[in-house]
Amino acid sequence: MYTLPSIDLGTVGPEPAIARLRALYDDVLEAAGDRFIIGLGGEHSITSAPASAWTDRLGGDVTILQFDAHTDLRDRHHDSPWNHACVMRRVLEHGSNGANRANAADIVAVGIRALTREERDVIRDHRIEVVFAHEMRRPGWVERAVEALGENVYITFDVDFFDPSLMPATGTPEPGGGSWWDALDLLSRVFGERNVVGADIVELAPRRGEEASAFTAAKLAYKMIGFWSEYR
């Protein structure tokens, strides 16, 4: 395992920053060979760079699996289309609609418990499967999420997927989230039954004196590496 130095994207603005991050991610992909890459954030808007890279590499033949409290499908937020609340809208627009099964979704979002009317309409008009957090209290949600995935999967894991009692150190916490075991149940199935091409873990906002959140995020990365190693 190797951790690259953190990337300084400067103050050039969000759109040029994402373009630079995409170029750097492409370079890492070329150098990595068959290694598994996990991006660590930071702002959820960074996901548009690796997600678009894999979409282009696989000709759209990839489903984005999104662990999140929010759908992040707004067109603009705070006068910016590159806000973290817009990241999945940008990913969707880039085009992951070549998913390799006729019934596969472009995005599968799990743990959702906050969305706008605009985002609801986007979900209705596109191939997006949403498993709301309250639905995770009933059996069958893992099977439903896995069934909606195509063969190739990119995972973006916003740590506010977790209930704030487990993950308080995040920017936009929402009550009623998923548990550690919910996450591992789905991740183990996805790594075991699909080709997971890459992943990111985002939206950790470390708090001095509260180390459990940072450790949970680190352990999540460790578990992803373990699942990838076991099932590759």
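In my numbering, the protein residues as written are 997 to 1228. Backbone N, C-alpha and C fix where the C-beta goes; we use that ideal spot for every residue, glycine too. Predicted model, so just to flag it, every value in this text is computed and none were measured.
- For ALA1195, DSSP records a beta bridge to ILE1034, ILE1151.
- Look at the beta carbons and you see the region 1018 to 1038 touching the region 1215 to 1223: at least three pairs across the two are nearer than 8 Å.
- Put simply, of GLU1189, GLY1222, PRO1164, ALA1179 the residue whose alpha carbon is nearest the alpha carbon of ARG1204 is PRO1164.
- Counting along the chain, no alpha helix (DSSP H) covers LEU1000, and no H or E run does either.
- Of PHE1032, PHE1157, ALA1195, the smallest CA-CA separation from TRP1177 is found for PHE1157.
- Distance check between ALA1015 and each of PRO1046, PHE1032, ARG1031 places PRO1046 closest, using alpha-carbon atoms only.
- In this structure, VAL1126 lies away from LEU1182, with their beta-carbon atoms at least 8 Å apart.
- When GLU1147, ILE1103, ALA1065 are compared, the shortest CA-CA separation from ARG1109 is found for ALA1065.
- Distance check between THR1112 and each of HIS1130, LEU1088, ASP1052, HIS1073 places HIS1073 closest, using alpha-carbon atoms only.
- Under the DSSP assignment, LEU1216 falls in the alpha helix (DSSP H) whose first and last residues are 1208 to 1227.
- If you compare the alpha carbons of SER1161, VAL1192, PHE1032, GLY1167 with that of THR999, the shortest gap goes to PHE1032.
- For PHE1063, there is no enclosing alpha helix (DSSP H); the enclosing beta strand (DSSP E) covers residues 1059 to 1063.
- Each of ARG1133, ALA1019, MET1084 was checked against the Cα of GLY1172, and the nearest Cα belongs to ARG1133.
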